[in-house]
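Residue numbers (my numbering): 1226 to 2030. Every residue gets a Cβ at the ideal spot worked out from N, C-alpha and C, and that includes glycine. Treat the numbers as computed from the prediction; the structure is a model and nothing was measured.
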């Protein structure tokens, strides 16, 4: 090997170094060869680290890392030879840039594999100096591995030595370096102290969030949620994350959490008085909260009250979603319904006509800018060209007043062509539109202060950035929006139950049913996190906010439905038993779409409903779950029928005994005696799952199931016989059913036992012989010799099901 490592041909050296890890592992398993590793293999590997050919060096670096991962290099060799050499190669300015980048990469990968003292002694100073190297690739590698080095170095060294270098990398001129810093930002933040996170890293992250490079911004927003989560304080949130699980903790009396979902929020959102319509007259508009389906809940505002019907809360910063159901008839007089302004266009949204002049000229809050003039609002309106109508449901979505903006723009364009009387009418509507927009703006400016100033957990600017990106309506911010939606549970965990009334508006906005790319991805993210949110927020919020949204997701697009179905058992365990019926009545709706291409979704439904049975009583299982299982057993796709068989076996295990026997009889009639072979095969699958899950007692299974199951051992279709053979060899035999079966049905068992071994189908015979090798049955003289004529004879319905008449 010594000669091969010095061979003139680089291909020879490459082949040698490729086999060094395998040779080292072999030597490790043989005690008499362990010295070969330290005396020959390691020296050869280190020698090739300085090879002139980059391909040989890369292979030597890979071999070195494998040896380190398997602890095949001693500390003495590392401290006296390898670590100094690697550090020297990394900082050697005479080498080619490409070689230096590879050397720096090896050094950064060695950091978690060697002792922390060696890292601090040999790698820390070179690493810091390389962070300001002129070679872009070296700075990028240093930024990518910065979080790992901080974990090894500890808090003190990170804050004194590493953090200044990291802050410089975050301001690097190359966007790739800044993106790498954004990717490891949370790792660095988790090492430093809370004070440093708030005072230093928060400002740095804000700059990355506003970076001119889109890739940097996306990476920063992807780290934003985890960075916010790093501020979580169990004494304030009431939860602590341990071993990947969220556990509740007791909170001191001084930090007692009191949840009030309704009153304070609605009062804080609107400081200015609002003129309501005359409650004695029937209203043409009703403000409807799409997310609320339990109107009788104590925590939800009573939307049937007249004084609440015309109240619309809008937030230009958080874009709170309010949905207005528009009726056909309008409250405007019929005389203006046929002028040029309204007749040749889609109707404008109805707005509050009773707006006093005092509301328009009401003073702003202290510290706010002066109220914008009508001309400023007019120019701002012209910047919003699109209007968003939903023709099918006649819903008008008011998120950032784009609808009113576009309506105003169109009104101004048509206004020029109208006569003087029409101008007066249009001017009135335009004035009211501006007043309505200004009233919403002035009232909604209170929301950020109420939302952010009352909490001292997360820096205000960081939290505002998160919500601005989450609530953005721009198509350019889809990636940022999705990244923030994915982090919503982490932000909720950080703020705790106390601030859910504020987060609730965001939750409703993010999970609204709008069919565009970012919105359905947001709903997928929220649907996947519903169990975690339920665990954090408690019963009242589950019933008022989460359960209605959970039921709404079940009827969403396929991607969202898939996400929420996977969470059914975990979410329902947080719902009180008396309230779970709200989900049970929607179970059959999961199978409304009979598209055969969506068989994976039906498999998922069967698996998750099977896991949900432990949360249900026998009555609900029989009423709601059993029809779904029977439907899935009829599916055209085998994988769905297999999952349905497991589902059915779980149902049999949980229902009452009298219902259980009638169900077994129904399965026998419907499937075992069916003319279609795949239904008979399904019956075998169900029997196999009954044995696996031990859904029946041993005596009941042997008495009621085995004779019916064994009757299919002579089915005309090989697939059915194969299912029986697999069931016996892979399920009944390992679970020790055969001794009891042989005792109760000796003759029948031996007939099946030997017939499967002599089956004309190779696969059936394979499992039959497999069973014979594992279980020795007594000799039987009336063995069956299989032939094609015999099979066709047995397929005749006039023939007895037994092979011997």
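{"Query": "First through last residue of the alpha helix (DSSP H) which encompasses residue 1285", "Result": "1279-1294"}
{"Query": "Among 1948, 1884, 1729, nearest to residue 1911 - alpha-carbon criterion", "Result": "1948"}
{"Query": "Beta-carbon spacing of residue 1768, residue 1795 below 8 Å", "Result": "no"}
{"Query": "Residue 1959 - containing alpha helix (DSSP H), residue span", "Result": "Residue 1959 -> no alpha helix (DSSP H), and no H or E assigned at all."}
{"Query": "Residue 1464 (DSSP reduced to helix, strand or coil)", "Result": "strand"}
{"Query": "For residue 1924, three-class secondary structure by DSSP", "Result": "helix"}
{"Query": "Residue 1233, DSSP secondary structure in three states", "Result": "coil"}
{"Query": "Residue 1422 vs residue 1363 beta-carbon contact at 8 Å", "Result": "no"}
{"Query": "For residue 1813, the first and last residue of its enclosing alpha helix (DSSP H)", "Result": "Note, residue 1813: premise wrong, no alpha helix (DSSP H); not H, not E."}
{"Query": "Beta carbon of residue 1426 nearer than 8 Å to that of residue 1686", "Result": "no"}
{"Query": "8 Å contact criterion, which residue 1300 and residue 1331 should meet: CB distance rounded", "Result": "About 18 Å; that fails the 8 Å criterion."}
{"Query": "Distance CB(residue 1433)-CB(residue 1441) smaller than 8 Å", "Result": "yes"}
{"Query": "Inter-residue Cα distance where the pair is residue 1298 and residue 1993", "Result": "53 Å"}
{"Query": "3-residue-minimum beta strand (DSSP E) runs that sit fully inside the region 1843-1887, ordered along the chain", "Result": "none"}
{"Query": "Cα-Cα separation between residue 1971 and residue 1829, rounded to whole angstroms", "Result": "40 Å"}
{"Query": "Same chain, Cβ closer than 8 Å to residue 1458, five either side skipped, listed in chain order", "Result": "1682"}
{"Query": "Cutoff 6 Å; reference residue 1788; Cβ partners in own chain excluding five residues on either side", "Result": "1749, 1752, 1753"}
{"Query": "Unbroken alpha helix (DSSP H) run spanning residue 1761, endpoints", "Result": "1755-1762"}
{"Query": "Residue 1689 in three-state terms, based on DSSP", "Result": "helix"}
{"Query": "Under the three-state DSSP convention, the category residue 1841 falls into", "Result": "coil"}
{"Query": "Run of the alpha helix (DSSP H) containing residue 1982, from where it starts to where it stops", "Result": "1971-1982"}
{"Query": "Limits of the alpha helix (DSSP H) - the one that residue 1333 falls within", "Result": "1322-1335"}
{"Query": "Under 8 Å between C-beta atoms of residue 1388 and residue 1406", "Result": "no"}
{"Query": "Burial state of residue 1723, where buried means 16 or more other Cβ atoms lie within 10 Å", "Result": "buried"}
{"Query": "Proximity test, Cβ basis, 8 Å: residue 1748 and chain D", "Result": "Protein chain content of the structure displayed is limited to a single chain, and chain D is not contained in it."}
{"Query": "Segment limits, alpha helix (DSSP H) that includes residue 1719", "Result": "1713-1720"}
{"Query": "Beta-carbon gap between residue 1235 and residue 1278 smaller than 8 Å", "Result": "yes"}
{"Query": "Coarse secondary structure for residue 1457, derived from DSSP in three states", "Result": "coil"}
{"Query": "Limits of the alpha helix (DSSP H) - the one that residue 1366 falls within", "Result": "1361-1369"}
{"Query": "Residue from 1308, 1333, 1272, 1318 with nearest C-alpha to residue 1358", "Result": "1318"}
{"Query": "Bounding residues of the alpha helix (DSSP H) (the contiguous stretch that carries residue 1422)", "Result": "Element bounds for residue 1422: n/a, residue is neither H nor E."}
{"Query": "Local Cβ density within 10 Å of residue 1379, reported as buried at 16 or more and exposed below that", "Result": "exposed"}
{"Query": "Beta-carbon proximity check, residue 1308 vs residue 1343, cutoff 8 Å", "Result": "yes"}
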